[in-house]
Structure formats: structure tokens, C-alpha cells
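Report on one structure; see the data block that follows.
Quick look at the structure:
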């Protein structure tokens, strides 16, 4: 319990006062909706990249690069939505997140790093083959975090 | 009708093949959900900036600058969600958008420009007063587009 409280307070501090004061009546609900919206936009960008890599749609270098750039930026947005107490409610987030906060953050950082690399590779790649291995590395970081920390 | 078709086809082309192929069964529904998710994240960033400007919460220069940077980036995301035909369904978007596509795009571009300026100003501002006028200019571009093109 003491550990949980500590994590909670550290979380509040790392989010900053403005974030805590961000939401209205139900802060937890707002935070859950926020991070789900972020994930939705991540998927929106990720999915067509996957289709290009798999050859289901033609490789469009400019579009792929743009989506990879979006992804790298978006990867920095989810964290502030994981406020303490937001494992309760309409969410697939497991309590394990807050019990393993440093590990959760490390896994999110892996996603940030790999998607930044993907954006870099995509700038000059001209074929799906050119982005494939880094796309797979990035996809692994999604799974790497969802498996321990997301229900379903 | 001919004009509408033209706008529709131009819209499809400007979105690119990958975007059109982005969604699964119900492309329109996905596009509506996508742009609503973008708007939610925009509000999540915008609201605490407003509270700082109004003095409801203390001015946190670093947090404000980060949110302004997010906003400037996010302002480029909504457009691709306004695919032809997505005025039907669970949306507040008016058909007027597709009937006045160039004007709609210009209004969205005004938001992009003003939020980019806000991000620039926020980099060096140390007080709420320092960002206030540019924050107001940015807020005007929200209203400027919502008034003609959004229900409610």
C-alpha cells in the first residue's frame, strides 16, 4: 500500500500540476478516454503502414514517411493518460502497470525509440523492403507492452 | 451533383490511396472516430493551456510549451479524417464542409498557422501574459471553423 501510494504520488508529480488539474469532474474517466483516443490515432497510422509492408497496398514512400513521423510523435502522448487510479473504469489497462511503473515506462520508451528509428529509416526508404525490419522492431514494442499490461 | 463528385474525387486523391485503403468494413465510421479522437486529444492539450491563461491554475512554462507543441503537431491530423461521405453517421460535421472544401481547408490551415505561432511564443514566454494574445488568436481559429462547420 505504501509502495502504491509512493508510485501514485510520483506519478502525480511527474505528470505535473497542470495535468492533474486538467480534467473536470471525473479525472480518471477523462484520462482513460484520452489515452484510448491516442491509441486509436496510433492504430490509424500504424495499420496502413502494416498493409504496405505486407504488400496488401502499394508502397507509398511519402505517405509511409508521414505516418511514421506521426507515430514517433504520438508515441510520446500516452503516458500522461495513465494517471494513478485509472486502472478502474472502462479500460483494458491492467493494475500491473502501476505496480510495475518503471518497467511500464521502459516499455513505452522502447516504443518511442523504435518508432523514432522507423521515422528515420522511412525518410529515405523507397521500397517496403527498406522499412520492413524496422517496422517489425516497432511492432514488437507494441506487443511487448500490451502483453503484460493490456487485457484482451 | 457534378461539383460534389468532383470534390469527392479530389478529396480521395488528396488523401492518397493508402488512406482510402486504411479502413476496414466501414471506412466512414472509422474516419469519423479518427477525427473525433484527434479532437479529443486537441482539447486535452488546449484546456489546461486555457486554465493557465485565465489564471485558474499556475503558469507552468515548460508544460505550456509542451502542450502548445503538441497542439501545433495535432493540428495537421484532422484533415484526413474528413473523407467524402463522412457527413453521415455519428458526427457533428456539417455537409457544408464538403460543399465548401477549399474554405474548410483554409480555416483548418489558419488553426495550423496560429498554433504553430503559439508553440513558438511559448518557447520563451515566462508568464501567462506572455502567451495570452497568441492563445486567443489560436482559440479564434477553433471557433472560426466550428461555427460554420460543426453542429452544436
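Protein chains in written order, with the working numbering: chain F, 4 to 155; chain A, 4 to 155. For glycine and all other residues, C-beta sits at the position ideal for the given N, C-alpha and C. Keep in mind it's a predicted model, so treat the numbers as computed, not measured.
Exercise. When we look at the beta-carbon of residue 110/F and count the other beta-carbons within 10 Å, is it buried (16 or more) or exposed?
Worked result: Walking along the first chain from the start, residue 110/F turns up at place 107. Label assigned to residue 110/F: buried.
Looking at the C-beta of residue 121/A, does it have a partner C-beta in chain F at a distance below 8 Å?
Here residue 121/A is taken as the residue at index 118 of the second chain, counted from 1. Chain F, which has no Cβ nearer than 8 Å to the Cβ of residue 121/A, makes this no.
Checklist line | Segment limits, alpha helix (DSSP H) that includes residue 88/F | finding: Sequence index remark: in the first chain, residue 88/F carries index 85 (1-based). Element bounds for residue 88/F: n/a, residue is neither H nor E.
key: Chain-ordered chain A contacts of residue 117/F [CB-CB under 9 Å]   = In the first chain, the residue the question calls residue 117/F occupies position 114. None at all; the shortest Cβ gap to chain A is about 19 Å.
For a contact meaning CB atoms closer than 8 Å, what does residue 44/A contact in chain F? If you number the second chain from 1, residue 44/A lands on position 41. Here the neighbours are 37, 40, 41, 44 and 80.
Using a Cβ-Cβ cutoff of 7 Å, what residues of the segment 98-109 of chain F are near chain A? List them in chain order. none
>> Is the beta carbon of residue 144/A closer than 8 Å to that of residue 117/A?
In response: Along the second chain, one-based indexing puts residue 117/A at 114. Along the second chain, one-based indexing puts residue 144/A at 141. Yes.
ask   = Bridge partners of residue 69/A, per DSSP?
value = Residue mapping note: residue 69/A aligns to position 66 of the second chain, counting from 1. Paired residues: none, contrary to the question.
- Query: Just the Cα atoms here: how many angstroms apart are residue 102/F and residue 149/F?
  - Reply: As a position in the first chain, residue 102/F is number 99, starting the count at 1. As a position in the first chain, residue 149/F is number 146, starting the count at 1. Approximately 15 Å between the Cα atoms of the pair.
Task: Closest Cα partner of residue 87/F within the set 79/F, 96/F and 80/F - done: Locating residue 87/F in the first chain gives position 84, counting from the first residue. Residue 96/F is the option with its Cα nearest to residue 87/F.
Quiz item: How long is the line joining the alpha carbons of residue 142/F and residue 131/A, rounded to whole angstroms?
Solution: One-based indexing of the first chain puts residue 142/F at position 139. One-based indexing of the second chain puts residue 131/A at position 128. Residue 142/F and residue 131/A: Cα-Cα distance of roughly 41 Å.
For residue 138/A, I'd like the list of residues in its chain whose CB is within less than 7 Å of its CB, leaving aside the five on either flank, ordered along the chain. As a working mapping, residue 138/A is identified with position 135 in the second chain. Once the five neighbours on either side are set aside, the close Cβ partners of residue 138/A are 52, 56 and 121.
Would you kindly check if the distance between the Cβ of residue 31/A and the Cβ of residue 84/A is under 8 Å?
Residue numbering aside, residue 84/A sits at position 81 when the second chain is read from its first letter. Residue numbering aside, residue 31/A sits at position 28 when the second chain is read from its first letter. Taking 8 Å as the Cβ cut-off, residue 84/A and residue 31/A do not qualify as a contacting pair.
Any idea what DSSP makes of residue 153/F, helix, strand or coil?
Your numbering for residue 153/F matches position 150 in the first chain. Residue state, collapsed to three classes: strand.
Between the Cα of residue 77/F and the Cα atoms of 29/A, 40/A, 94/A and 82/A, which residue gives the shortest distance? The count along the first chain starts at 1 and reaches residue 77/F at position 74. Of the listed residues, the one whose Cα sits closest to residue 77/F is 40/A.
_Strictly below 7 Å CB to CB, what residues from chain A border residue 76/F?_
Counting from one through the first chain, the residue named residue 76/F turns up at place 73. Under the 7 Å cutoff, chain A gives 76.
With residue 53/F as the anchor, note down where its alpha helix (DSSP H) starts and where it stops. By 1-based counting over the first chain, the position of residue 53/F is 50. That run of the alpha helix (DSSP H) goes 30-56.
Note to self: Less than 8 Å between CB atoms is the rule here; does residue 150/A satisfy it with respect to chain F?
What the structure shows: In the second chain, the residue the question calls residue 150/A occupies position 147. It does not: the Cβ of residue 150/A has no partner Cβ on chain F nearer than 8 Å.
Can you tell me the Cβ-Cβ gap for residue 126/F and residue 68/F, rounded? I've got them flagged as a contact below 8 Å.
For the purposes of this step, residue 126/F is taken as residue 123 along the first chain, with counting starting at 1. For the purposes of this step, residue 68/F is taken as residue 65 along the first chain, with counting starting at 1. Rounded, the Cβ-Cβ distance is 6 Å, consistent with contact.
Do you know offhand how far residue 124/A's Cα is from residue 75/A's?
Indexing the second chain from 1 puts residue 124/A at position 121. Indexing the second chain from 1 puts residue 75/A at position 72. Approximately 12 Å between the Cα atoms of the pair.
Task: residue 154/A burial status per 10 Å Cβ neighbour count (16 or more: buried) - done: Indexing the second chain from 1 puts residue 154/A at position 151. With fewer than 16 Cβ atoms within 10 Å of its Cβ, residue 154/A is classed as exposed.
Worksheet item: Under the three-state reduction of DSSP, which class applies to residue 128/A: helix, strand or coil?
Response: Start at 1 with the first residue of the second chain, and residue 128/A comes out as number 125. Reduced to three states, the DSSP call for residue 128/A is coil.
Are the CB atoms of residue 81/A and residue 50/A nearer to each other than 8 Å?
As a first step, residue 81/A is located in the second chain; it is residue number 78 there, counting from the start. As a first step, residue 50/A is located in the second chain; it is residue number 47 there, counting from the start. No, these two residues do not count as a Cβ contact at 8 Å.
inquiry  = Between 128/F, 48/F and 34/F, which has its C-alpha nearest residue 64/F's C-alpha?
reply    = Taking the first chain and counting its residues from 1, one reaches residue 64/F at position 61. With distances taken between Cα atoms, residue 64/F lies closest to 128/F.
Comparing the CB of residue 82/A with every heavy atom of the ligand COA, is any distance shorter than 7 Å?
Among the components modelled here there is no ligand, and therefore nothing to report on the ligand COA.
By Cβ distance, which residues of its chain are closer than 7 Å to residue 58/A, with the 5 residues on each side in sequence left out?
Numbered from 1 along the second chain, position 55 holds the residue referred to as residue 58/A. 131, listed in sequence order.
In terms of residues, what are the limits of the alpha helix (DSSP H) holding residue 99/F?
Locating residue 99/F in the first chain gives position 96, counting from the first residue. First-last of the alpha helix (DSSP H) with residue 99/F: 99-102.
Q.
Alpha carbons only, please: which of 66/F, 36/F and 47/F is nearest the one belonging to residue 33/A?
A. As a position in the second chain, residue 33/A is number 30, starting the count at 1. That would be 47/F, whose Cα lies nearest to the Cα of residue 33/A.
For residue 70/A, which option in 36/A, 140/A, 119/A and 151/A has the closest C-alpha, if you only look at C-alpha atoms?
Numbered from its first residue, the second chain carries residue 70/A at position 67. Closest by alpha carbon: 119/A.
| query | Can you tell me the Cα-Cα spacing of residue 115/A and residue 79/A, whole angstroms? | reply | In the second chain, counting from the first residue as 1, residue 115/A sits at position 112. In the second chain, counting from the first residue as 1, residue 79/A sits at position 76. The straight-line gap from Cα to Cα measures roughly 7 Å.
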